[in-house]
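Whatever position you read off the sequence shown (first residue = 1), add 1085 for our numbering.
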Amino acid sequence: MGTGTRHPSRSLVVRLAVVATAAAGTLSAHAATPAQAAAPAACNGYVGLTFDDGPSGSTSALLDALKQNGLRATMFNEGQYAAANPSQVRAQVTAGMWVANHSYTHPHLTQQSQAQVDSEISRTQTAIANAGGGTPKLFRPPYGETNATVKSVAAKYGLTQIIWDVDSQDWNNASTDAIVQAAGRLTNGQIILMHDWPANTRAAIPRIAQGLAGRGLCAGMISPQTGRAVAPA
Ligand SMILES: [Zn+2]
């Protein structure tokens, strides 16, 4: 076999790259996978996409949208739903998502006793682990409401508290356009709040992926050490 067939000339490679770039959105059989098509050539930074309040009957559709667009995210699950839908916790892991703790019943933790906070957090750790989601390292208090008691109990279970930098307002009936625009405000290291259940959020996923890729940003994991979005480990 001649080397010419194995190693195309540099100019051919460049031309092929141009063609592939132009056609990335339409080719499927021989070109990039959707995940590769959505990813920028290089990651100039990372953002943390987060989805709260699952797993639910909506989780499969959300995971499909994320996978089809080459995105990974952190899923802040409620313990009661992890216990009720363990297969969806495993599906989150299989889809490449990071599984995290969002309390067991979604109460206002700042109005609860230390023993109640402890129960909310510890039962969720157990439910997620029993479902096959591993032992979470990240915790988001419901409504972003926290205090010294909540922080200390989270720390007792090895959890880093994560709030958010950008609120998509998807919980407040934000439009798909508004959710896409919120993601467009993310800068390197930042985290956006979204939810497992809104249809508008699922509809926003392809445009969120395109917007991030156009800005050289990739979907990353949230570092338990810094609480910032970083390259996946
Ligand atoms: Zn929530």
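Yeah, the Cβ is synthetic: ideal placement off N, Cα and C, and Gly gets one too.
Can you give me the C-alpha to C-alpha distance between residue i and residue j, rounded to a whole angstrom?
i: Gln-1295; j: Trp-1256; result: 23 Å
i: Asp-1138; j: Glu-1163; result: 6 Å
i: Pro-1309; j: Ser-1260; result: 31 Å
i: Leu-1297; j: Trp-1249; result: 17 Å
i: Pro-1171; j: Gly-1217; result: 7 Å
i: Gln-1275; j: Ser-1143; result: 25 Å
i: Tyr-1242; j: Ser-1207; result: 7 Å
i: Trp-1183; j: Gln-1199; result: 27 Å
i: Met-1279; j: Leu-1134; result: 7 Å
i: Cys-1303; j: Gln-1165; result: 31 Å
i: Gln-1173; j: Gln-1197; result: 29 Å
i: Ser-1269; j: Gly-1219; result: Residue identity differs from the one stated: residue 1269 is Gly in this sequence, not Ser. Those two C-alpha atoms are separated by around 31 Å.
i: Leu-1271; j: Ala-1127; result: 17 Å
i: Gln-1210; j: Asp-1149; result: 25 Å
i: Val-1251; j: Ser-1145; result: 24 Å
i: Ala-1116; j: Asn-1129; result: Note that Ala-1116 scores 39 on pLDDT, short of 50, meaning its location in the model is unreliable; the coordinates nonetheless yield the value given after this. Going by the C-alpha atoms only, they are around 24 Å apart.
i: Arg-1175; j: Ile-1277; result: 23 Å
Might you give, ordered along the chain, the residues of its own chain that have their beta carbon closer than 7 Å to the beta carbon of residue i, omitting 5 neighbours on each side?
i: Leu-1147; result: Phe-1136, Asp-1281 and Arg-1287
i: Lys-1236; result: Gln-1246
i: Ala-1239; result: Ile-1206, Phe-1224 and Gln-1246
Measure from the alpha carbon of residue i to the alpha carbon of each residue in the options, then state which is nearest.
i: Asp-1262; options: Gly-1274, Ala-1284 and Gln-1201; result: Ala-1284
i: Val-1202; options: Gly-1217, Thr-1190 and Ala-1212; result: Thr-1190
i: Ser-1188; options: Leu-1244, Leu-1151 and Ala-1176; result: Leu-1244
i: Ala-1180; options: Gln-1165, Leu-1151 and Ile-1307; result: Leu-1151
i: Pro-1192; options: Ala-1240, Gly-1229, Pro-1140 and Asp-1252; result: Gly-1229
i: Asn-1215; options: Ser-1204, Leu-1194, Asp-1252 and Ala-1169; result: Ala-1169
i: Pro-1140; options: Ala-1212, Ile-1277 and Val-1251; result: Ala-1212
Since residue i and residue j should fall inside the 8 Å C-beta cutoff, what is the C-beta to C-beta distance between them, to a whole number of angstroms?
i: Ala-1233; j: Gln-1254; result: Actually they are not in contact, since the Cβ atoms of Ala-1233 and Gln-1254 sit about 28 Å apart, beyond 8 Å.
i: Gly-1305; j: Val-1315; result: 5 Å
i: Asn-1273; j: Tyr-1131; result: 7 Å
Excluding the 5 residues flanking residue i on each side, which residues of the same chain have their C-beta closer than 6 Å to its C-beta?
i: Ala-1185; result: Thr-1159, Phe-1161, Pro-1221 and Leu-1223
i: Ser-1204; result: none
i: Gln-1177; result: Met-1160 and Val-1184
i: Pro-1227; result: Ser-1188 and His-1191
i: Gly-1312; result: Thr-1245 and Ile-1247
i: Gln-1121; result: Summary for Gln-1121: the model assigns pLDDT 46, below 50, so the residue's position carries little reliability; its value from the coordinates is reported in the next sentence. Correct list: empty, nothing qualifies.
i: Asn-1167; result: The amino acid occupying residue 1167 in the given sequence is Ala; Asn does not appear at that position. Result list for Ala-1167: Val-1174, Ala-1212, Ile-1213 and Ala-1216, in chain order.
Which residues in the same chain as residue i place their Cβ atom closer than 8 Å to its Cβ, once the five residues preceding and following it in sequence are excluded?
i: Val-1265; result: Ala-1289, Arg-1292, Ile-1293 and Gly-1296
i: Thr-1231; result: Leu-1194, Thr-1195, Gln-1246 and Ile-1248
i: Pro-1317; result: Arg-1157, Gly-1305 and Met-1306
Residues with C-beta closer than 6 Å to any heavy atom of ligand 1, in chain order: Contact residues of ligand 1 (beta-carbon closer than 6 Å to any heavy atom; chain order) are Asp-1137, Asp-1138, His-1187, His-1191 and Pro-1227.
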